[in-house]
Every structure is written in C-alpha cells, then in structure tokens.
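Working notes, structure below.
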Amino acid sequence: MMRRLRPILLGIAGVVLVGVAWEVYKALAPDTGVVIAGITVLPRASDLAMPHLGAMLDRALSPVTRAAGSPALWLATLQAASFSFGIAVVGWLVGVVVGIAIAIVMQRFRTAQSALLPWVVLSQTVPLIALAPLVRRIGTQLSTGGFEWQDWMSVALIASYLAFFPVSIGALRGFGSPTAEHLDLMRAYGVGWWRTFLAVRVPASIPFLLPALRLAAVNAVVGTIVAEVSIGLRGGIGRAIVEFAASGSADPAKQWSPIFGAVLMGLAAAGLVALLSLALRRYRRNEVSA
Amino acid sequence: MTEIAVHVRGVDKTFRTGRGRTVDALSGIDLEVAAGEFVSLIGPSGCGKSTLMRLIADLDTPTAGELTVFGKTAPRARLDQDYGIAFQKAALLPWRTVRGNIELPMELHGMPRAERRARADELIELVGLGDFADRHPDQLSGGMQQRVAIARAFAEKPRLLLMDEPFGALDEMTRETMQTELARICAETGAAVVFVTHSIPEAVFLSDRVVVMSPRPGRIREILTMDLRGERTEELREDEAFFERVSAVREALHGSPSAGAKGVENR
C-alpha cells in the first residue's frame, strides 16, 4: 500500500515545494528584484510580478469581470481549457496518424527514408508563428461548396504539425527494433513484409511509440495554445492568456488562472497517454536473453 | 533408397564486405542429409557452419552450386514450410505467452484457432512446460525459453529441423538435459536435423554423422559416422564408445593440420 502511495505523495510534495519556494522568494527578495550593473539577475517580487498564491486562488473564485452575470474565473478558465483541449486532441490524432504513416513509408522503402527524414527534421525548425497565417490563408482557399474551413481547423492543423514529429521518429525507431533473429524467423515462415510488419514490427514498436505519443500530446497542447494566439481564435486558453495579461497591471492575479489552465491541459494530455500505455503494458515486456 | 532431405553440391558462398572486398565463407561444399538423419556441423568460428545452415534455410543464397531440400529449391522449400528452425537466441516474441509463441507459425499460416491450440498444448507437454503455458518469456529461465523455441520449431511437424547452436547460451547442466530431450523428441518425430554446434560432446551425443569444418575458406574437412546404436540416454555419456567418438572428432578438428593451418598457428 505504502509503495503504491509513495509516487503520489512525492508528486504532491513536489507541487507543494514549488508553492513554498514561490512564497519564500516573494517574502525574502526585494520588491524591485536584484539588479547588478543595470542587469536584473533576480526577478521582481512585487505583487504585480509575483502575486501571492492566495491572491491567485481568490481571483480564480471571483467572477471574470464586474459585469452582471459574469461567470467565476475558474469556470471560464475551465471552459476555455476544455475547448482548447478538444482542438489539441484532434491535432494529436491527426499528428499520430500522419506520423505513423510517414514512419511506415520510411520503414518500407529505404530511399523514402533518405528522402523524407531530412524534411521531417527540417519541418520542426520552421517557426510556428510564421506558419499560422499561412495555414489560415490556405485553409480559407480550401473552403468550397458545403465545406467551410474553420479557424479551429487551422489551430488543430498547427498542433498536429508539432505532434507528428516525435511520433514519426519514435515509430521509425520502433519499427526497426526487432532483432535479426525475429526477422529471420519471419522469413523462414515465408510471410511477406506486411505480415511481418503487423506480427513483429508493430508490437515491437510500442515501447518506442509510447514516449513519442506523450511528447506528441504535450506538443499538441503547446501548439494549440500558440496557434490560438497567432490565429486569433476566440474561446480557447491561448486567447484567455493574452486577454488577461492585458489587464495585468490592474488585476495581476487574473492572468494566472489561464496559465494554470494550460498546465492542467498538459497534465490531462500526459494522463491520457499514461492510460493508453497501461492498456498496452503487455507490449512493454522485455525479453530476457537466454 | 532412402529419401534425401538436404542435397548440397559444389556450393560456394562469398560475402561482400564493402569497398569491393569479398570473404569466402564457404567453398566447394558437398553434403547429403538423409530423411530422419541427425547431422551436426562443427568447426571453429568463421568456418561457415552457420552460413551453410542459413543457405539451407534460404535465409541467404549461395553464390554458386546446387542446393535442394526434399528435391525442391531452397526458396520453394522455405515457402512450403518444409523445415522448422531454431537459433542460438530463443527469439521469442516478448509480448506473447509461451502458448502464443508456439502458436505463432501456425497462426501466420492460417491454421484454425482450435486446432493450433490443441497442437500447442501437445507441444508444451512434449517440452515439459505444462505449468508455464500462460507465462511470458521474461518469466522463464534461459533453458525454458529455448524449450519454447524448440517447441515452436516443431509446431508444424517439419520433416527437417535446422538448429543454429540452440544450446550455445545455456549452462552445462541445462545443456545436457536439453540434449537428451532433443534426442528423444527427434526420435519421436523422425525429423531430419541439421545441427550447428561448437561443442564436440554435444555433436557426438546427438548425431548420426558429424561434419567437421575448417575456416577461411569454409570447407568440409571430414565427415565422421558416429554409429552409436540405440537410444541417447545419460548412460551413453559414460560409454567407452562415446569417448572414442569424441576423440575422433577432436582429432579431425585439431589434428593432422595442413601446412597452411600450422603456419597460421605459429605466427
């Protein structure tokens, strides 16, 4: 029982520790921060820069604005977070499908690997901010007839752009992980590439794929938030961060709610992948060599 | 005339090692294995014994010469599943149970579920793993993993079994137990066996004939008929005739060296 609880307790202790460190720093450091020769070496600890944790909580429980009927800030944040999370999940799924498809092509054809892999790596050096307006413009041109390209689709597409990369790299390594003996065995059984792929390469790739899927999930969340900002999609957590930061000087505790909302999204994404890895645990067994 | 399981005539195998250089792994190999016969290939590392087995299995193709398995070409025999195979590493799929691993070839070849399950149970009994059918490979000892690999090799009742140092990684005790069991299983199934090993007592204990090979290029130096009548039991290991054969194989391996071989040794 204790052994089970240990990681949970340690996790909670870690979070508490960060909170304590925050408050201790705030209490000890000067409000103006520490400046040596004109360079700020330690950040300001004023209420404006570092609100008390209590103030953040307090703010989260009060309404978003003074307008009548305004919902509580935490509720609005949660709604924004779940809106963004939905987009991130779509982006993740698209990224996973595309990433695995690219890995399959690269595994099957050696020339495809030489041709594609540099582009896959290069794709991640393109700044997201530069990409966002482009995706939106191209997307709008796609709108024909009954189909209309929505802004959220652009966001999901950009999220998938970040998500596919670790998946394709992880899957490629995983597909290549079976030992020579396993491949000899399949050849001896006289089964072709596709059957070998399904029977040996796919199951063998799971231990490589799971960490990649977790990275992809976190990337999809980050991609969604950043893309929301650069595309200007309303209703999500990215927009909330920008909007609330604007009221920062008057209401410094407010902008922390969406930040926690973003953290929550990351945790939820990692949690979903953890559930997946639990379901696939039999593929994570390691063969003990004879 | 008895049926011929493996027929090898004038087979060469040359590997490219890049930059235009080549290595002669096998040169002028002639060998015939009769149906139901147990033949061991023995020799120092680099003599091409594993390569020869891989040629028979069609995991590699000969550079020159003629090679047939039950009168068919090696690729045809492979596609017809005329042989079962086991390697030095058990090469079990870690995510499958013992039963799942043994069922693998039958599953891939589309045997109905009930049928392959019955066959797997039979094989699990045959190799003495009755209590471990639902365990995964990481829960088994090395010897048990190798038993599973052997059961898998026998799964589709092959008339020919190809084994590449299957007991090479096992400790001496387990190894002798496994040899006795393999001899029993082979006697029961009547399969021909091509068995690669670098252990002289192992080769003598199991084989009808021992093929002694020498390296660079891999050639057959001598083929010794063991002629040890009767069952392979533990008593045989203490038998006078057994020691005699061991000495004979050892001499063939080390003794009467050609001038070239001596030159290498003295360097």
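So the protein lines, in turn, are chains E and H.
Residue numbering for the first sequence is -1 to 288, as defined by the numbering used here.
Residue numbering for the second sequence is 313 to 579, as defined by the numbering used here.
No residue lacks a Cβ here, since even glycine has one placed at the ideal position from N, Cα and C.
Values in this document were obtained by computation on a predicted structure and should not be read as measured data.
So with CB distances below 7 Å, who are the chain H contacts of residue i?
| i | result |
| --- | --- |
| E/Tyr23 | The premise fails here: E/Tyr23 is roughly 47 Å from chain H at the closest Cβ pair, so nothing lies under 7 Å. |
| E/Glu179 | Phe399, Lys401, Ala403 |
Cβ of residue i less than 8 Å from any chain H Cβ?
| i | result |
| --- | --- |
| E/Ala186 | yes |
| E/His50 | no |
| E/Gly197 | The question names Gly, but residue 197 of chain E is Ala in the sequence shown. Answer yes: the Cβ-Cβ gap between E/Ala197 and chain H drops below 8 Å somewhere. |
| E/Arg280 | yes |
| E/Arg171 | no |
| E/Arg232 | no |
| E/Arg193 | yes |
When we look at the beta-carbon of residue i and count the other beta-carbons within 10 Å, is it buried (16 or more) or exposed?
| i | result |
| --- | --- |
| H/Arg408 | buried |
| E/Gly97 | buried |
| H/Gly360 | buried |
| H/Gln491 | buried |
| E/Trp192 | exposed |
| E/Lys252 | buried |
| E/Ala288 | For E/Ala288, the predicted model reports a pLDDT of 34, less than 50, meaning its position is unreliable; a value from the coordinates is still stated below. Buried, by the Cβ-count rule. |
| E/Trp90 | buried |
| E/Thr222 | buried |
| H/Ala503 | buried |
| H/Thr334 | exposed |
| E/Leu3 | exposed |
| E/Val16 | exposed |
| H/Lys401 | buried |
| H/Thr509 | buried |
| E/Arg279 | exposed |
What does residue i touch in chain E if you count any residue whose Cβ is under 7 Å from its own?
| i | result |
| --- | --- |
| H/Pro470 | Per Cβ cutoff of 7 Å: no residues; H/Pro470 is ~10 Å from chain E at best. |
Can you tell me which of the three DSSP states residue i falls into?
| i | result |
| --- | --- |
| E/Ala11 | helix |
| E/Leu140 | helix |
| H/Ser357 | coil |
| E/Leu73 | helix |
| H/Pro387 | helix |
| H/Thr334 | strand |
| E/Phe163 | helix |
| E/Val118 | helix |
| E/Tyr187 | coil |
| H/Met475 | strand |
| E/Val124 | coil |
| H/Phe399 | coil |
| H/Gly377 | strand |
| E/Val88 | helix |
| E/Glu179 | helix |
| E/Ala58 | helix |
| H/Lys325 | strand |
| E/Leu170 | helix |
| H/Ala317 | strand |
| H/Phe382 | coil |
| H/Glu349 | coil |
| E/Thr38 | strand |
Please list, in chain order, the chain E residues whose beta carbon lies closer than 9 Å to that of residue i.
| i | result |
| --- | --- |
| H/Gln393 | Ala186, Tyr187, Gly188 |
| H/Ala337 | Those within 9 Å of H/Ala337 in chain E number zero; the least Cβ separation is about 16 Å. |
| H/Leu473 | By Cβ distance, chain E contributes nothing, its closest Cβ being about 12 Å from H/Leu473, past 9 Å. |
| H/Pro424 | Near H/Pro424 there are no residues of chain E at all, since even the closest Cβ is about 17 Å away, more than 9 Å. |
So, is the C-beta of residue i closer than 8 Å to a C-beta in chain E?
| i | result |
| --- | --- |
| H/Ile414 | no |
| H/Ala573 | Since pLDDT at H/Ala573 reaches only 41, below the 50 mark, its modelled position is unreliable, and the value read off the structure follows with that caveat. So, not an interface residue. |
| H/Thr329 | no |
| H/Leu420 | yes |
| H/Pro374 | no |
| H/Pro529 | no |
| H/Pro417 | yes |
Listing by chain order, which chain E residues have their CB less than 8 Å from the CB of residue i?
| i | result |
| --- | --- |
| H/Arg390 | Arg185, Ala186, Gly188 |
| H/Leu371 | Asp182, Arg185, Ala186 |
| H/Pro513 | Under the 8 Å cutoff, chain E gives no residues; its nearest Cβ is about 20 Å from H/Pro513. |
In chain H, which residues lie less than 9 Å from residue i when you measure between Cβ atoms?
| i | result |
| --- | --- |
| E/Pro201 | Leu405, Pro406, Trp407, Arg408 |
| E/Arg2 | Within chain H, no residue comes near E/Arg2; the closest Cβ sits about 22 Å away, beyond 9 Å. |
| E/Arg108 | Result: empty, since nearest Cβ-Cβ is about 16 Å, beyond 9 Å. |
Does residue i have its Cβ less than 8 Å from a Cβ in chain C?
| i | result |
| --- | --- |
| E/Arg134 | In the structure shown, chain C does not exist; the protein chains are E and H. |
Quick check: is any heavy atom of the ligand HEM less than 7 Å from the C-beta of residue i?
| i | result |
| --- | --- |
| E/Gly269 | As for the ligand HEM, it is missing from this structure, which has no ligand bound. |
Discussion item. Quick check for students: name the residue ranges of the alpha helix (DSSP H) that lie wholly in the stretch 201 to 283 of chain E, counting only runs of 4 or more.
Written reply: List check, alpha helix (DSSP H) in window: 235 to 244, 254 to 277.
Worksheet item: Can you list the alpha helix (DSSP H) stretches of 4 or more residues lying completely in the stretch 420 to 460 of chain H, in chain order?
Response: 425 to 438
Practice prompt. Ignoring anything shorter than 4 residues or poking outside the stretch 488 to 575 of chain H, list the alpha helix (DSSP H) runs there in chain order.
Written response: 512 to 518, 552 to 566
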